[in-house]
Amino acid sequence: MSTAKKEYKRVTTKSLVDMKRNKEKISMLTAYDYTMAKIVDGAGIDVILVGDSASNVMAGHETTLPITLDQMIYHASSVIRAIERALVVVDLPFGTYQSDPKEALRSAIRIMKESGAHAVKVEGGKEVKESIKRILNAGIPVMGHLGLTPQSIYKFGTYTVRAKEEVEADQLREDAIMLEKIGCFGIVLEKIPAKLAEEVAKSVSIPIIGIGAGNGVDGQVLVLHDMIGMTHEFNPRFLRRYMHLYDDMTKAISQYVSDVKNVDFPNANEQY
Ligand code: KIV
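Our numbering numbers the first residue of the sequence shown as 424 and each following residue consecutively.
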């Protein structure tokens, strides 16, 4: 098998399956606005997730539950205007797909029609199977999300590692196979033991993207604001910070405050 990387001018759901087949790891990051999405896309990311983590990162909520469909569509349309290459996947927010398949389809159609996104992501396994099938039947690509599913945080009670016990691990294995069978193009596995994640990735032919799930999966996703160190209170073991923007920005802004107060800014060259 060739190890040469194929160039993808535009990443599609099919490209991701090709990448898995060719053993090329898939890179995925969140973005919620035009400016960030332009940087992320320009840097060569494969998938941009307009995650409902926008509820935490952009709006300051404690959980992902409060964000609305209209707000997700606003974020997704801003991202879509920026991208040239990446596949854009948008989270269906809490309360827009769980109650019945028809509502799930209506929500997914709104995201696709009003934002121009390429796919949706849905949290959960067998309990949301009918909703996912309904969306897929309408021709909308769906990415699954198993393991730690933050929309169920009040059921779990904590953000600790999921599926450590065999019963939950077995259910997760079953759900992953079911999601592939009904036609999902990929699955996010969040915060589960690396060994289990690797096993699941080997058991299906669709890509498994991990977050806190080790490196035996087909790709990785992180929340952008965490990986660039803009947030600084969230420090899980799986997070690698590539920058420390919280500190750098604090320094820069303090300097600006001081320059304004001391009438150092603007100087003679910075005025008309
Ligand atoms: O909303 C989000 O950012 C996510 C990732 C953590 C996978 O679902």
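Heads up, the beta-carbon is just placed ideally off N, CA and C, and yes, glycines get one too.
Short of 7 Å in beta carbon distance, which residues of its chain neighbour Ala624, apart from the five on each side in sequence? Order them along the chain.
Ile631, Gly639, Val640 and Asp641
Do you know whose CA, among Gln494, Lys674, Arg585 and Val511, lies nearest Thr435's CA?
Here the closest residue by C-alpha is Val511.
Cutoff 7 Å; reference Phe657; Cβ partners in own chain excluding five residues on either side:
Asp649
Which residue marks the beginning of the beta strand (DSSP E) containing Leu569, and which one marks its end?
Per DSSP, Leu569 belongs to the beta strand (DSSP E) from Val565 to Gly570.
Could you tell me the alpha carbon to alpha carbon distance between Met481 and Val473, rounded to whole angstroms?
11 Å
Just checking Thr572 against the ligand KIV - is the residue's beta carbon closer than 6 Å to any of the ligand's heavy atoms?
no
Span of the beta strand (DSSP E) holding Ala542?
Ala542 to Glu546
Confirm the yes/no value for this check: CB of Val646, any heavy atom of the ligand KIV, distance under 6 Å.
yes
What number of angstroms, rounded off, separates the C-alpha of Lys437 from the C-alpha of Glu526?
27 Å
Within the same chain, show all residues whose beta-carbon is closer than 6 Å to that of Arg504, passing over the 5 residues directly before and after it, in chain order.
Listed in chain order, the non-local C-beta contacts of Arg504 below 6 Å within the same chain comprise Tyr457, local neighbours out to five positions each way being set aside.
What number of angstroms, rounded off, separates the C-alpha of Ala586 from the C-alpha of Ile600?
16 Å
Quick one: Cα of Phe608 to Cα of Thr487, how far?
23 Å
Among the candidates Leu492, Glu507, Glu613 and Leu647, whose CA atom is the shortest distance from the CA of Met666?
Leu647
With distances taken Cα to Cα, identify the nearest neighbour of Asp475 among Asp514, Asn692, Phe579 and Leu569.
Asp514
Taking Cβ positions, are Val534 and Ala540 nearer each other than 7 Å?
Inspection of the sequence shows that residue 534 is occupied by Ile rather than by Val. Closer than 7 Å, so yes.
Give me the residue from Lys684, Val584, Ile471 and Leu602 with the minimum Cα distance to Ile555.
Leu602
Once the 5 residues before and after Ser501 are set aside, which same chain residues still bring their CB inside 6 Å of it?
Only Asp456 and Tyr457 meet the Cβ criterion.
Buried versus exposed, by CB contacts within 10 Å (16 or more), Phe579:
If you draw a 10 Å sphere on the C-beta of Phe579, you find fewer than 16 other C-beta atoms in it, and that means exposed.
How about Val611: is its C-beta nearer than 7 Å to some C-beta of chain B?
Going by chain labels, chain B is absent from the structure shown, which holds only one protein chain.
In whole angstroms, what is the alpha-carbon distance linking Ala675 and Glu485?
28 Å
Could you pull the start and end residues of the beta strand (DSSP E) that Gln643 belongs to?
Gly642 to Leu645
Can you find a heavy atom of the ligand KIV that lies under 6 Å from the Cβ of Ser476?
yes
Assign Met442 to one of three DSSP states: helix, strand, or coil.
helix
Using DSSP with H/G/I as helix, E/B as strand and the rest coil, what is Ser478?
helix
Quick check on this structure: which residue in Ala592, Glu537, Ile634 and Asp441 has the alpha carbon closest to the alpha carbon of Gly548?
Ala592
So, for Arg660: in the same chain, excluding its five sequence neighbours on each side, which residues have a beta-carbon less than 8 Å away from its beta-carbon?
Gly635
For Glu656, name the three-state secondary structure that DSSP assigns.
coil
I want to check one thing, is the minimum distance from the CB of Val365 to the heavy atoms of the ligand KIV below 6 Å?
Residue 365 cannot be examined here, being either before or after the span of the chain that is shown, 424 to 695.
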